[in-house]
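Let me begin by presenting the structure, written as structure tokens, before commenting on it.
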Amino acid sequence: MKKTLVIFAHPYLEHSNSNVELINFYVRHQHYTLRDLYEEYPDFHIAAFRERKRLKNYDRFIFQFPIIWFGMPPLLRLWIDEVFDRDWLKEGEYNPLEGKEVYILVTTGGKERSFSKTGTYQYTIEELISGLIVSLRVFKADIKLVKVVYEANKLTKKEIIKHKQEFMEILNQ
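When the letters of the sequence shown are read in order and numbered with full-length UniProt numbering, they come out as residues 1 to 173.
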């Protein structure tokens, strides 16, 4: 089993049943390390050196977060800005993301049809989180999947568990 770091950022976790279900899974399994950025850095002062060092210890990464005002949560954006290091791109420097599997799990209260070129917002989720996707590609990470859970705030417990099981099956392949 691959040692997996879950980088989780949700500023309103107390209002998210769908994210809590997955968090409970990560916490119960030894191969997953959950990093809740809003719990760890409530003051937004990120220990970038410590975070960079931590990335070296993992084989796979999961970025899990909700869409907040049509983008990533602000603390996740700050974490990326401060932790991702341009020195990783230099010849001979160790890049902890290169070749590592990355999964992106996004939740949103909006409907799937709203996040399309012809929908209400006229942008796809991938476009709204393109900063993360491009950053990961620049650092040569292997993005395996961007999974979006639409209308996450309206899901029944059964539907949440189904989404969790589907995601876990993908991770176990």
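Virtual Cβ for every residue (Gly too), placed ideally from N, Cα, C.
Environment of residue i [buried if 16+ CB atoms lie within 10 Å]
| i | result |
| --- | --- |
| Lys100 | buried |
| Val134 | exposed |
| Phe44 | exposed |
| Val138 | exposed |
| Arg50 | exposed |
| residue 174 | Nothing can be reported for residue 174: it is not among the residues displayed for the chain, which extend from 1 to 173. |
| residue 250 | Residue 250 cannot be examined here, being either before or after the span of the chain that is shown, 1 to 173. |
| Tyr26 | buried |
| Leu34 | buried |
| Gln173 | exposed |
| Trp69 | exposed |
Between the CA atoms of residue j and residue i - distance to the nearest angstrom
| i | j | result |
| --- | --- | --- |
| Leu136 | Ile129 | 11 Å |
| Ala141 | Ile104 | 12 Å |
| Leu55 | Glu127 | 26 Å |
| Glu151 | Tyr12 | 16 Å |
| Arg113 | Leu37 | 30 Å |
| Ala47 | Glu40 | 10 Å |
| Glu14 | Glu91 | 44 Å |
| Glu93 | Lys147 | 31 Å |
| Asn153 | Asn17 | 7 Å |
| Pro42 | His10 | 11 Å |
| Leu155 | Met1 | 30 Å |
| Asn95 | Lys111 | 37 Å |
Three-state secondary structure assigned by DSSP to residue i
| i | result |
| --- | --- |
| Phe44 | coil |
| Leu78 | helix |
| Asp59 | coil |
| Ile104 | strand |
| Lys144 | strand |
| Phe25 | helix |
| Leu5 | strand |
| Tyr32 | strand |
| Gln64 | strand |
Short Cβ contact (9 Å threshold) for residue i with residue j
| i | j | result |
| --- | --- | --- |
| Leu145 | Ile170 | yes |
| Leu97 | Phe84 | yes |
| Tyr58 | Leu22 | no |
| Ile67 | Thr108 | yes |
| Lys3 | Arg52 | no |
| Ile62 | Ile143 | no |
| Phe167 | Val106 | no |
- Item | Given 8 Å, three or more beta-carbon pairs between the stretch 114–126 and the stretch 151–163 | no
- Do the stretch 80–95 and the stretch 26–42 meet, that is, are 3 or more Cβ pairs less than 8 Å apart? no
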